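2 protein chains.
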Amino acid sequence: MDISERQLRILQAIISDFISTGEPVGSRSLSKNHDINVSPATIRNEMSDLEEMGYLTHPHTSAGRVPSDKAYRLYVDGMMQKYELPEEEKKIISARLSDDFNEFEKTIKKAASLLSEITNLTSFAITPTQNADMLKYINVLPVDEETVVLMIVSSSGRVTNTALKLNCPYNEENLALLSKNLTYTFKGKTISEALTIDIINNLQSDMQAMSKLAENIMPNFMKTLENMLDVNLYMDGLTNIFNIPEFNDIDRAKTFLEMLNNKEDLTKVLVSRENGTIITIGNENSKDIMPDCSMITATYEIDGKLIGKIGVIGPTRMKYDEVTSVIEYMTENLNNTFKLSGGE
Amino acid sequence: MDISERQLRILQAIISDFISTGEPVGSRSLSKNHDINVSPATIRNEMSDLEEMGYLTHPHTSAGRVPSDKAYRLYVDGMMQKYELPEEEKKIISARLSDDFNEFEKTIKKAASLLSEITNLTSFAITPTQNADMLKYINVLPVDEETVVLMIVSSSGRVTNTALKLNCPYNEENLALLSKNLTYTFKGKTISEALTIDIINNLQSDMQAMSKLAENIMPNFMKTLENMLDVNLYMDGLTNIFNIPEFNDIDRAKTFLEMLNNKEDLTKVLVSRENGTIITIGNENSKDIMPDCSMITATYEIDGKLIGKIGVIGPTRMKYDEVTSVIEYMTENLNNTFKLSGGE
DNA sequence: AGTTAGCACTCATATATGGTGAGTGCTAAC
DNA sequence: GTTAGCACTCACCATATATGAGTGCTAACT
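Residue numbers (my numbering), protein chains in the order written: chain W, 9 to 352; chain A, 9 to 352.
Written as structure tokens, this is what we have:
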């Protein structure tokens, strides 16, 4: 059975009412507040059909109708209008996402914070997965008699370093030689590739003399590479959940917050999401991780290469149009910021 | 009126019962479960006196007694026994707080996470304030034609860096000269002191030629110094609050989580706390920030110099003895870890 | 055939009612 | 000073009743 034009109008009205009030929508209020020029009885008949088709549900016999996930999906895919952000809001976003000092992580944190502030939802952002990032330059620098700093620069411009206490003496020439050798060996390799290289053996062949030094440094080098693969997760607006009536229930709030507390699983979910603006609704999400929630994510880019994500999570009843526009406007801004400044 | 020996015994029993059950304690169950060899009626008389002295309160006429903040203070200061951690727990703590790769921040994060796991409370940790940390070594390194890395090593062993895109050409000699000059100017200065130095003018005198380069780099240098002063706050076990019956109420849970959400204020509170193991109970804490909560914090040291803090926050009804022991054992471990490895 | 008015029915929510029990406070006796 | 006894309080729980929003169905209307 196909959905009729009038049914579509009614469904849209129900979704719109429910999104703004959170209360099941009854036939009478529908015919009053929207100019559907038919009587409540007719609307009831149509609603009954819509329910049969799976677009509506019924919390109990004497309650109004509530849109199902399927209805939201229809709405998001076809019925939703593009929401134009007010200029004022655009200005706020642009202003707050500027990044004068190359402080990439801080900017992302700010973005998450701003997003939750504007949407009144819980927001999160992940930094890019760097496994596609290539190593560019490795340097081991002297600090004092027993300390050196290991510095790794990747082609995206990210610099990572670690201070190491050595338990053997070194001289600057050796460090320079080691730096050169490491750069030569790893340059152009992605981090993932680099992790598979058995460097100790590689080095031994041509620089036996330094093997002691290398043995000291290499485990830390590899560990640092591993750390570079870590994705950081930022969240904000956790307590916004309490302002949403549906979650004004200790158990739901608890489930929600516990789900977010499990950062590892959440990170996995985020990392594995497709790129671009993605909306997943209710049980489209893995049920055990986040029941009855919708998630909207979009991707931002650093210098057009590394891809991170930012988004919100909230009840299936959310203002999909507004939130989507906010997120997309923010990612546009982030892309510009991270292009001009050349990423960190 | 002074508190009698017997009253003290009764008070202790009430506190102990209330801490473990969370229910107001009645006279009958007291005389049954503790060997106070007097009848419930006598206990009632004593309780009435204790209430008059401000050690107990009464939720309503027909309920048992509940210890007041004043009672907890008395308990913590004088009556509390030292709690010996089970060997097993000690082993777990020691094992999980080892830090093989100098990953200071990760270790602190782990510590907070472990602390909330063991105590079932909400835990937090702040990294040391570094304003007493001295600068040791500053280096500006070439990366590619337009990028340099600014590296700052402080005497505590911490290394900080930032990648900078320059909008003027440079040559390696200039960088080396600048590095030398910066190191000469700032070495031995604390970060706070360093921030007050008008370096541009200092430089101009003896290295005019490089002023363009310096103008490019110095704002970022100062910004980086500012960032080094930032204190990081880690939290864990946020959702533990839901397992505490007193907070099984949407409003209290909300207040609690919103208070923790305000990281700036929380950080301020933590930073301004005295060093050593500090217990603050209920309204001893700033009322608007955390009503009806107790807080236990202790300090850890990096190389005996920089001082950070770790602690828990929870209901006034908490196992002060156990929690204190856990925190103190953890800070001991952290101190060792950060001494052996020499800090980061 | 589609639309509508009318009406019985359902059920969550709110409110009132009474019973239960833990615990107190007081009095009088030991 | 201690204790038994007893009336009293009050949160808590279960049950009963009222309310009202909203449905589903039927029969009449266009």
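Ideal Cβ placement from N, Cα and C applies to all residues, glycine included. The model shown is predicted, which means the values in this text are computed figures rather than measured ones.
Per-residue DSSP class, three states only, for Leu-237 of chain A
Your numbering for residue 237 of chain A matches position 229 in the second sequence. Note: Leu-237 of chain A maps to helix in three-state DSSP.
Alpha-carbon to alpha-carbon, Ala-171 of chain A and Glu-154 of chain A:
Counting from 1 along the second sequence, the entry for residue 154 of chain A is found at position 146. Counting from 1 along the second sequence, the entry for residue 171 of chain A is found at position 163. One C-alpha to the other measures close to 10 Å.
Taking the alpha-carbon positions, what's the Thr-69 of chain W to Leu-246 of chain A distance?
Here residue 69 of chain W refers to the residue found at position 61 when the first sequence is read from its first residue. Here residue 246 of chain A refers to the residue found at position 238 when the second sequence is read from its first residue. If I take the Cα positions, the gap works out to 39 Å.
Lys-231 of chain W: contacting residues in chain A (beta-carbon distance under 7 Å):
By one-based count along the first sequence, residue 231 of chain W stands at place 223. Per Cβ cutoff of 7 Å: Phe-109.
Terminal residues of the alpha helix (DSSP H) in which Ser-39 of chain W lies:
In the first sequence, the residue the question calls residue 39 of chain W occupies position 31. Start and end: 35-41.
Does the Cβ-Cβ distance between Phe-229 of chain W and Ile-249 of chain W come in under 7 Å?
One-based indexing of the first sequence puts residue 229 of chain W at position 221. One-based indexing of the first sequence puts residue 249 of chain W at position 241. For Phe-229 of chain W and Ile-249 of chain W, no; Cβs fall outside 7 Å.
Euclidean distance between Cα positions of Lys-195 of chain A and Gln-138 of chain A
Position 187 of the second sequence, counted from the first residue, corresponds to residue 195 of chain A. Position 130 of the second sequence, counted from the first residue, corresponds to residue 138 of chain A. Going from the Cα of Lys-195 of chain A to the Cα of Gln-138 of chain A covers about 15 Å.
Can you check DSSP and say which residues form a bridge with Glu-309 of chain W?
What you label residue 309 of chain W is simply residue 301 of the first sequence in a count that begins at 1. Glu-309 of chain W pairs with W:Ile-315.
By alpha-carbon positions, which one of A:Ser-28, A:Pro-32 and A:Val-148 ends up nearest to Leu-221 of chain A?
If you number the second sequence from 1, residue 221 of chain A lands on position 213. Measuring from the Cα of Leu-221 of chain A, the nearest candidate turns out to be A:Val-148.
Would you mind stating whether Pro-48 of chain A and Ser-39 of chain A have Cβ atoms separated by less than 7 Å?
Position 40 of the second sequence, counted from the start, is the residue given in the question as residue 48 of chain A. Position 31 of the second sequence, counted from the start, is the residue given in the question as residue 39 of chain A. Their beta carbons are under 7 Å apart, which means Pro-48 of chain A touches Ser-39 of chain A by this criterion.
Going by C-alpha distance, which of A:Ala-119, A:Leu-203 and A:Ser-12 is nearest Ile-51 of chain A?
Taking the first residue of the second sequence as 1, we reach residue 51 of chain A at position 43. Here the closest residue by C-alpha is A:Ser-12.
Across which residues does DSSP place Phe-132 of chain A in a beta bridge pair?
Taking the second sequence and counting its residues from 1, one reaches residue 132 of chain A at position 124. Per DSSP, A:Met-243 and A:Gly-319.
For Asp-244 of chain A, count neighbouring Cβ atoms within 10 angstroms of its own Cβ and tell me buried if that reaches 16, exposed if not.
Residue numbering aside, residue 244 of chain A sits at position 236 when the second sequence is read from its first letter. Counting Cβ neighbours within 10 Å, Asp-244 of chain A comes out buried, since at least 16 surround it.
How is the alpha helix (DSSP H) around Ile-116 of chain A delimited, first residue to last?
For the purposes of this step, residue 116 of chain A is taken as the residue at position 108 of the second sequence. Start and end: 112-127.
Is there contact between the stretch 322-333 of chain A and the stretch 13-33 of chain A, where contact requires at least three CB pairs shorter than 8 Å?
yes
What are the start and end residues of the alpha helix (DSSP H) that includes Tyr-145 of chain A?
Looking up residue 145 of chain A in the second sequence gives position 137. Careful: Tyr-145 of chain A lies outside any alpha helix (DSSP H), inside the beta strand (DSSP E) at 143-152.
Can you name the start and end residues of the beta strand (DSSP E) that Lys-173 of chain W belongs to?
In the first sequence, the residue the question calls residue 173 of chain W occupies position 165. Its beta strand (DSSP E) spans residues 167-173.
Listed by chain order, chain W residues near Asn-256 of chain A by CB distance under 8 Å:
Numbered from 1 along the second sequence, position 248 holds the residue referred to as residue 256 of chain A. What Asn-256 of chain A touches in chain W: Ile-258.
Tell me whether Ile-18 of chain A sits in a helix, a strand or coil according to DSSP, three-state version.
For this step, residue 18 of chain A is matched to residue 10 along the second sequence. In this structure, Ile-18 of chain A counts as helix in the three-state DSSP scheme.
Terminal residues of the alpha helix (DSSP H) in which Ile-199 of chain W lies
Walking along the first sequence from the start, residue 199 of chain W turns up at place 191. First-last of the alpha helix (DSSP H) with Ile-199 of chain W: 199-204.
Listing by chain order, which chain W residues have their CB less than 7 Å from the CB of Leu-246 of chain A?
Counted from its first residue, the second sequence places residue 246 of chain A at position 238. Correct list: Leu-265 and Asn-269.
Close-in-space but distant-in-sequence residues of the same chain around Thr-191 of chain W (CB under 7 Å, 5 per side omitted):
Taking the first sequence and counting its residues from 1, one reaches residue 191 of chain W at position 183. Answer for Thr-191 of chain W: Tyr-145 and Ile-146, listed in chain order.
Quick test of the definition: if touching needs 3 or more C-beta pairs under 8 Å, does the stretch 327-334 of chain W touch the stretch 125-141 of chain W?
yes
To the nearest whole angstrom, what separates the beta carbons of Thr-115 of chain A and Leu-105 of chain A, a pair I think is in contact under 8 Å?
Here the question's residue 115 of chain A lines up with position 107 in the second sequence. Here the question's residue 105 of chain A lines up with position 97 in the second sequence. Contact flag correct, Cβ pair sits at about 6 Å.
Distance between Tyr-83 of chain A and Ala-140 of chain W (C-alpha atoms, nearest Å)
What you label residue 140 of chain W is simply residue 132 of the first sequence in a count that begins at 1. What you label residue 83 of chain A is simply residue 75 of the second sequence in a count that begins at 1. Each residue's alpha carbon lies about 58 Å from the other.
Cα separation between Ser-163 of chain W and Asp-311 of chain W?
Reading the first sequence from its first residue, position 155 is the one you call residue 163 of chain W. Reading the first sequence from its first residue, position 303 is the one you call residue 311 of chain W. Ser-163 of chain W and Asp-311 of chain W: Cα-Cα distance of roughly 11 Å.
Taking 7 Å as the limit between beta carbons, can you name the residues of its chain near Met-88 of chain W, skipping five residues before and five after?
As a first step, residue 88 of chain W must be located in the first sequence, where it is residue number 80. Here the set comprises Tyr-328 and Asp-329.
Compute the beta-carbon to beta-carbon distance between Thr-275 of chain W and Ile-134 of chain W, rounded to the nearest angstrom, for a pair I have assumed lies under 8 Å.
Position 267 of the first sequence, counting from 1, holds the residue named residue 275 of chain W. Position 126 of the first sequence, counting from 1, holds the residue named residue 134 of chain W. 6 Å between Cβ atoms; contact.
Check whether the Cβ atoms of Pro-136 of chain W and Gly-316 of chain W sit closer than 7 Å, and answer yes or no.
Walking along the first sequence from the start, residue 136 of chain W turns up at place 128. Walking along the first sequence from the start, residue 316 of chain W turns up at place 308. Contact flag set, yes.
Is the Cβ of Lys-99 of chain W closer than 7 Å to any Cβ of chain A?
The count along the first sequence starts at 1 and reaches residue 99 of chain W at position 91. With 7 Å as the cut-off, Lys-99 of chain W does not count as an interface residue toward chain A.
Sorted by chain position, which residues of the same chain lie with C-beta nearer than 7 Å to Asn-224 of chain W's C-beta, five sequence neighbours on each side aside?
In the first sequence, residue 224 of chain W corresponds to position 216, counting from 1. Around Asn-224 of chain W: Leu-174, Asn-175 and Cys-176.
Could you tell me whether the Cβ of Ala-171 of chain W comes closer than 7 Å to any Cβ of chain A?
Against the first sequence, residue 171 of chain W aligns to sequence position 163. It does: the Cβ of Ala-171 of chain W has a partner Cβ on chain A nearer than 7 Å.
Express the C-alpha separation of Phe-26 of chain A and Pro-75 of chain A in angstroms, rounding to a whole number.
Here the question's residue 75 of chain A lines up with position 67 in the second sequence. Here the question's residue 26 of chain A lines up with position 18 in the second sequence. Rounded to whole angstroms, Pro-75 of chain A to Phe-26 of chain A spans 8 Å at the Cα level.
What is the C-beta distance between Tyr-337 of chain A and Leu-93 of chain A, in whole angstroms, given that I count them as a contact (C-beta under 8 Å)?
Taking the second sequence and counting its residues from 1, the one referred to as residue 337 of chain A is at position 329. Taking the second sequence and counting its residues from 1, the one referred to as residue 93 of chain A is at position 85. Contact holds; Cβ gap of about 6 Å.
Compute the distance between the beta-carbons of Ile-23 of chain W and Glu-54 of chain W, then report whether it is under 7 Å.
Numbered from its first residue, the first sequence carries residue 23 of chain W at position 15. Numbered from its first residue, the first sequence carries residue 54 of chain W at position 46. For Ile-23 of chain W and Glu-54 of chain W, no; Cβs fall outside 7 Å.
Backbone CA spacing between Asn-189 of chain A and Ala-306 of chain W [nearest angstrom]
In the second sequence, the residue the question calls residue 189 of chain A occupies position 181. In the first sequence, the residue the question calls residue 306 of chain W occupies position 298. If you take the alpha carbons of Asn-189 of chain A and Ala-306 of chain W, they lie about 45 Å apart.
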